[in-house]
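*Asks:* Before I ask anything, let me first share the structure, which is written out below as structure tokens.
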Amino acid sequence: MTEPSTQQPRQSPPPPAGSGGTVPLDSTAQLLTRITAQLGTQLSLVSRNGTRRPMHRTRPSEALRPSEALRPSDTLRPSAAPRPPDAPRSPGTPTLLVVAHGSRDPQALRTVLALLDRVRDLRPGLDVRLGHIELNRPLLPDTLDGLRGADAVLVPLLLGRGHHVKHDLPAAAAAAPAVRTRVAAPLGPHPLLVEALYGRLVEAGWDPADQGSRSAAVVLAAAGSRDPDSAQDTRRTARMLAERLGVPVVPAYASAATPTFPAALRALAARGRHRTFVASYFTAPGRFASAAAGAAPRTAALPLGAHPAMARLLLHRYDQALSATARSGGVSLLASA
Numbered sequence: 000m001t002e003p004s005t006q007q008p009r010q011s012p013p014p015p016a017g018s019g020g021t022v023p024l025d026s027t028a029q030l031l032t033r034i035t036a037q038l039g040t041q042l043s044l045v046s047r048n049g050t051r052r053p054m055h056r057t058r059p060s061e062a063l064r065p066s067e068a069l070r071p072s073d074t075l076r077p078s079a080a081p082r083p084p085d086a087p088r089s090p091g092t093p094t095l096l097v098v099a100h101g102s103r104d105p106q107a108l109r110t111v112l113a114l115l116d117r118v119r120d121l122r123p124g125l126d127v128r129l130g131h132i133e134l135n136r137p138l139l140p141d142t143l144d145g146l147r148g149a150d151a152v153l154v155p156l157l158l159g160r161g162h163h164v165k166h167d168l169p170a171a172a173a174a175a176p177a178v179r180t181r182v183a184a185p186l187g188p189h190p191l192l193v194e195a196l197y198g199r200l201v202e203a204g205w206d207p208a209d210q211g212s213r214s215a216a217v218v219l220a221a222a223g224s225r226d227p228d229s230a231q232d233t234r235r236t237a238r239m240l241a242e243r244l245g246v247p248v249v250p251a252y253a254s255a256a257t258p259t260f261p262a263a264l265r266a267l268a269a270r271g272r273h274r275t276f277v278a279s280y281f282t283a284p285g286r287f288a289s290a291a292a293g294a295a296p297r298t299a300a301l302p303l304g305a306h307p308a309m310a311r312l313l314l315h316r317y318d319q320a321l322s323a324t325a326r327s328g329g330v331s332l333l334a335s336a
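Under numbering that gives the first Met the number 0, think of the first position of the sequence shown as 0, with each following residue one higher.
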């Protein structure tokens with residue numbers, strides 16, 4: 000057997016500059032490494048729908064996970080941040096001003112910001128802003144004040160007709176004459192809400208095989224209102240969800256209306272409906288959502304939050320308001336309907 004030579008291979012000297020010689024292999028590898036790193040950085044700036052995302056919403060770690068998708072149950076999206084004033088917008092397009100109620104629960108604001116982030120991903124270039132009725136900043140009057148001379152569509156992040164939709168939003172719009180406003184309809188009732196409710200129930204353990212079961216039922220846990228139109232809207236949503244699930248769906252309320260969550264659960268149990276789920280008919284975490292979860296005999300569904308159907312519904316109400324204004328000849332303020 001021949002012993003390996005101990006003599007080091009002689010390295011060829013690099014070609015002189017401008018000689019047109021080939022590039023050494025180690026230089027080629029370094030070049031490819033730099034190209035790969037730059038490509039990874041550029042991919043991290045692309046959102047899920049293929050558009051370039053603003054730099055302020057790009058986290059350093061995202062370059063390592065360019066294909067990661069937001070799960071439907073993920074209501075706390077860390078990248079949800081206010082859009083900077085110099086973000087690109089479609090010229091002449093009214094601002095979508097989402098009006099949330101507000102909550103002392105810190106998760107509520109994070110959830111709403113995640114939902115707005117989804118809306119921006121669905122429609123790049125649309126100016127999407129947030130205003131609260133109470134408890135959280137920015138408050139609605141402050142957001143309107145920052146839109147002087149602009150057009151805006153106020154889309155309530157509210158699930159039915161009630162005092163806030165009928166009185167608070169029109170009053171806020173009237174108090175901001177420097178902004179040309181339209182008030183969209185509340186989110187519910189609508190099939191997209193049913194889609195979001197169904198998705199949250201499946202995440203909480205609802206088995207589609209329970210459709211038509213004589214022992215299964217759902218309590219639709221809502222906030223409650225003294226306005227009869229609000230109760231009517233909740234009952235309509237309950238009927239739509241019952242059609243989707245194939246089991247009874249009973250509305251129940253945290254305040255101002257009956258039955259309460261425990262009373263609805265007892266009534267269903269008396270009818271032999273012992274496999275009962277609680278659907279959380281709330282847009283975000285908060286006191287009422289926690290009360291509904293505490294009454295549930297098993298894990299309650301999460302609030303609607305940043306479910307993809309909610310983002311589509313906000314844009315639908317926005318488009319609907321613009322279309323109605325065009326048909327009415329430019330009326331600046333729309334009644335919710």
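Glycine included, C-beta positions come from ideal geometry on N, C-alpha and C. Please read these numbers as outputs of a predicted model, since none were measured by experiment.
For the stretch 269 to 286 and the stretch 197 to 208, state whether three or more C-beta atom pairs, one from each stretch, are separated by less than 8 angstroms.
*Replies:* Because the criterion of three Cβ pairs below 8 angstroms is met, the stretch 269 to 286 and the stretch 197 to 208 touch.
*Asks:* Is it buried or exposed, residue 142, if we count other Cβ atoms within 10 angstroms and call 16 or more buried?
*Replies:* By 1-based counting over the sequence shown, the position of residue 142 is 143. The residue in question, residue 142, is buried, as its Cβ has 16 or more Cβ neighbours within 10 Å.
*Asks:* Would the C-beta of residue 136 count as close to the ligand NAP, meaning under 7 angstroms from any of its heavy atoms?
*Replies:* Here there are no bound small molecules, and the ligand NAP is not part of this structure.
*Asks:* Output the residue ranges of the beta strand (DSSP E) runs that lie fully inside the stretch 137 to 190 and measure 3 residues or longer, sorted by chain position.
*Replies:* Complete beta strand (DSSP E) runs here, min 3: 150 to 155 and 179 to 182.
*Asks:* Is it the case that the stretch 88 to 107 contacts the stretch 138 to 154, given that we only count it when at least three CB pairs across the two stretches are under 8 angstroms?
*Replies:* Contact holds: three or more Cβ-Cβ distances are below 8 angstroms.
*Asks:* Under three-state DSSP, which class holds residue 399?
*Replies:* Because the chain spans 0 through 336 in this model, residue 399 falls outside it and cannot be assessed.
*Asks:* Would you report the Cα separation of residue 153 and residue 186, rounded to the nearest angstrom?
*Replies:* Counted from its first residue, the sequence shown places residue 153 at position 154. Counted from its first residue, the sequence shown places residue 186 at position 187. Distance between the alpha carbons of residue 153 and residue 186 is about 12 angstroms.
*Asks:* Am I right that residue 308 and residue 195 are in contact with their C-beta atoms under 8 angstroms? What's the rounded C-beta distance?
*Replies:* One-based indexing of the sequence shown puts residue 308 at position 309. One-based indexing of the sequence shown puts residue 195 at position 196. Contact holds; Cβ gap of about 4 angstroms.
*Asks:* Pull up the distance between the alpha-carbon of residue 224 and that of residue 92, whole angstroms please.
*Replies:* In the sequence shown, counting from the first residue as 1, residue 224 sits at position 225. In the sequence shown, counting from the first residue as 1, residue 92 sits at position 93. Going by the C-alpha atoms only, they are around 34 angstroms apart.
*Asks:* Entirely within the stretch 192 to 222 and at least 3 residues each: give me those beta strand (DSSP E) ranges in chain order.
*Replies:* The stretch 192 to 222 contains these whole beta strand (DSSP E) runs: 215 to 221.
*Asks:* Classify residue 161 as buried or exposed, calling it buried when 16 or more other Cβ atoms lie within 10 Å of its own Cβ.
*Replies:* Along the sequence shown, read from residue 1 onward, the residue named residue 161 stands at position 162. It counts as buried.
*Asks:* Report, in whole angstroms, the separation of the C-beta atoms of residue 174 and residue 180, which I expect to be a contact under 8 angstroms.
*Replies:* As a first step, residue 174 is located in the sequence shown; it is residue number 175 there, counting from the start. As a first step, residue 180 is located in the sequence shown; it is residue number 181 there, counting from the start. That pair is no contact at about 10 angstroms.
*Asks:* Out of 291, 311 and 312, which one is the CA nearest neighbour of residue 302?
*Replies:* Within the sequence shown, residue 302 is the residue found at index 303, counting from 1. It is 291.
*Asks:* Go through its chain and collect everything with a Cβ distance to residue 188's Cβ below 7 angstroms, but skip five positions before and after it.
*Replies:* The residue given as residue 188 occupies position 189 in the sequence shown. Correct list, in chain order: 232, 235, 236 and 239.
*Asks:* Excluding the 5 residues flanking residue 209 on each side, which residues of the same chain have their C-beta closer than 6 angstroms to its C-beta?
*Replies:* As a working mapping, residue 209 is identified with position 210 in the sequence shown. Here the set comprises 215.
*Asks:* Three-state secondary structure (DSSP) at residue 274?
*Replies:* In the sequence shown, residue 274 corresponds to position 275, counting from 1. Three-state DSSP puts residue 274 in a strand.
*Asks:* Thinking residue 320 and residue 113 are a contact (beta carbons under 8 angstroms), I'd like their distance in whole angstroms, please.
*Replies:* Taking the first residue of the sequence shown as 1, we reach residue 320 at position 321. Taking the first residue of the sequence shown as 1, we reach residue 113 at position 114. Not a contact, Cβ separation roughly 23 angstroms.
*Asks:* Roughly how many angstroms separate the alpha carbons of residue 263 and residue 285, rounded to a whole number?
*Replies:* Taking the first residue of the sequence shown as 1, we reach residue 263 at position 264. Taking the first residue of the sequence shown as 1, we reach residue 285 at position 286. One C-alpha to the other measures close to 21 angstroms.
*Asks:* So residue 131 and residue 138 are in contact, right, with Cβ under 8 angstroms, and what is the actual spacing, rounded?
*Replies:* What you label residue 131 is simply residue 132 of the sequence shown in a count that begins at 1. What you label residue 138 is simply residue 139 of the sequence shown in a count that begins at 1. At roughly 5 angstroms, the Cβ-Cβ gap stays under 8 angstroms, so residue 131 and residue 138 are in contact.
*Asks:* When the Cα of residue 261 is compared with those of 229, 190 and 295, which residue comes out closest?
*Replies:* Mapped onto the sequence shown, residue 261 falls at position 262. With distances taken between Cα atoms, residue 261 lies closest to 295.
*Asks:* Let me know if residue 101 comes out buried or exposed under the rule of 16 or more other beta-carbons within 10 Å of its beta-carbon.
*Replies:* For the purposes of this step, residue 101 is taken as the residue at position 102 of the sequence shown. With 16 or more other Cβ atoms within 10 Å, it is buried.
*Asks:* Are the beta-carbon atoms of residue 159 and residue 229 separated by less than 8 angstroms?
*Replies:* Start at 1 with the first residue of the sequence shown, and residue 159 comes out as number 160. Start at 1 with the first residue of the sequence shown, and residue 229 comes out as number 230. Yes; because the gap between Cβ atoms is below 8 angstroms, this pair is in contact.
*Asks:* Here's the rule I'm using: 16 or more other beta-carbon atoms within 10 Å means buried, otherwise exposed. How should residue 110 be labelled?
*Replies:* Taking the sequence shown and counting its residues from 1, one reaches residue 110 at position 111. So residue 110 ends up on the buried side.
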